[in-house]
Structure formats: C-alpha cells, structure tokens
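Written out below as structure tokens is the structure these notes cover.
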Amino acid sequence: MNKSEVRTPVRRGRPKSAGLDERKKAIVIGAYSAFIELGFAQTSTTEIARRAKVSKRTIYEVFSNKKEIFSEVIKEYKALFLDLPRPENEKLPINETLFRIFRLDISQEEAKEREALLKLMTRESILFPELSDYLYATKTLRSRELLIEWLDIQQAQGRIAVKNTGNCAGMLMDIVFGALLPRRWVLDVNEDQTLTPEGRQQQLEEIKERIETVIQGIEVVNKN
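One point on numbering: in the working numbering, the residue at position 16 of the sequence shown is 30, and numbering is uninterrupted.
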C-alpha cells in the first residue's frame, strides 16, 4: 500500500451545538449561585464567568446581556414554582391537582431552592422594576396565565364554577406564594429566614388547608 492509499482518520468531535449547550448550562448554574448570593446588581459577568469556569467572551457568545442571563436562570428553575401545563385527560381530584401544580410535594432541598429564588425575584423586582417588566415581556414569567388556562379547562369540563378565572388564579397564587414568602422576609433582610424541616412541613399543611377552603367555594359537586 502506497502513501496515497493511506487515509487519514477523520476526527469526529462533538457537534458545536452540544458544546454550546454545555457552556450555556454551566453559565446558568454559575449565574444562579451568584444571583442568589449577591443579588442582581452586585453580580458581574466576570463573577458569573468565574463560577461557570468559562471566559467572559464565552458568556457573550451565548447571552447578550445580564438581564438575559437572569431570565434564563428563572426559566431553568421555574418548575420549582408551578407544574403547568398538566398532562392531558388528567382526572385527579381538584385539590390533589392544585397541590401538584404548586409543587407542594417537592423535597426539602428543592423547597430551600424555591425559597431562595422567590426571595431573589421579589427583592429584585422591587429594586429593579424594569427587570420584572423584562421577565414578563419575554414571557419568562407566565405562571398566572398558565394557571388561568388550567382553570378555564376545569370550568369547561364542569368541574368548577368560577365567575372570573383570572381573579381566582390571582387569589390562589397569593395564598400559596404569600405563605411561602412572608412579606417581612422581603422587607427585613436581617431577620432569620430559615425554616426547620418541621416548620416547612407545617407551612405546606397550612397552604393545603387554605387551598381546600377555596375549593369548597368553587368545586362543582356531583350529587348523582
């Protein structure tokens, strides 16, 4: 065999898209920890790059600005808040479905992450209203809209009777998130804001009781 017949092996590297996805994931994880610890204003892209173990250039290859990174962090972790949309033809009792929608069944570790993210989102929306506007404008936050859609489906199926599903969705979200994140936690950053596992379990049971109270007023009871 002469040299012309010897073929150089083709080097098959990973697709560029796969490498990009991995870098994006690393950036989001690094940004999450930075935002939680430092807040939006004090988190620089340099700090995000350090935690993600990537260059700043890599960050700007994936994201246009810090707001976009923040938005992606919320997208990545928003399943901690709401499990919607629901599977088609789901026939669980209304109360059980709402417990699942509001993720009242998550682990203690996930509950801690949810608390941290709720604090971050609430405080930053107060300090930077334009950041909150950006999250809604980009449809990063659609919790209320998704809950309204679910309530509309239940109403169409004759399972609930609600005059205004928008108001009902807002009330349910106030009940749940108002309990998960007391207002004093937002206003007083020096207050001890940690819950014991027992305290967190009691909190969830109280939320369930409040949801049950709402259901008593909206659920259509089949007397047949």
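Note that CB positions come from ideal geometry on N, CA and C, so glycine has one too. All figures in this text were calculated on a predicted structure; none of them were measured in a lab.
Bridge-paired residues (DSSP) for residue i
i, result
"residue 174", "233"
Nearest-angstrom Cα separation, counted from residue j out to residue i
i, j, result
"residue 98", "residue 60", "35 Å"
"residue 231", "residue 101", "25 Å"
"residue 132", "residue 195", "7 Å"
"residue 209", "residue 219", "14 Å"
"residue 51", "residue 134", "9 Å"
"residue 178", "residue 167", "13 Å"
"residue 73", "residue 170", "46 Å"
"residue 103", "residue 182", "22 Å"
"residue 46", "residue 163", "29 Å"
"residue 33", "residue 148", "28 Å"
"residue 140", "residue 79", "20 Å"
"residue 212", "residue 236", "37 Å"
"residue 227", "residue 172", "19 Å"
"residue 165", "residue 106", "14 Å"
"residue 129", "residue 92", "12 Å"
"residue 70", "residue 150", "27 Å"
"residue 62", "residue 39", "12 Å"
"residue 176", "residue 225", "15 Å"
"residue 37", "residue 214", "35 Å"
"residue 180", "residue 64", "43 Å"
"residue 191", "residue 118", "11 Å"
"residue 68", "residue 111", "41 Å"
"residue 143", "residue 223", "33 Å"
"residue 75", "residue 154", "21 Å"
"residue 125", "residue 35", "27 Å"
Beta-carbon proximity check, residue i vs residue j, cutoff 8 Å
i, j, result
"residue 120", "residue 83", "no"
"residue 138", "residue 54", "yes"
"residue 193", "residue 217", "yes"
"residue 81", "residue 145", "yes"
"residue 127", "residue 94", "yes"
"residue 116", "residue 96", "yes"
"residue 152", "residue 85", "yes"
"residue 174", "residue 87", "no"
"residue 57", "residue 66", "no"
8 Å contact criterion, which residue i and residue j should meet: CB distance rounded
i, j, result
"residue 109", "residue 229", "5 Å"
Distance cut-off 7 Å: residue i Cβ against heavy atoms of the ligand MG
i, result
"residue 133", "As far as ligands go, the structure on display features none, and thus does not contain the ligand MG."
*Do the region 183-193 and the region 157-167 touch if we need at least three Cβ pairs shorter than 8 Å?*
yes
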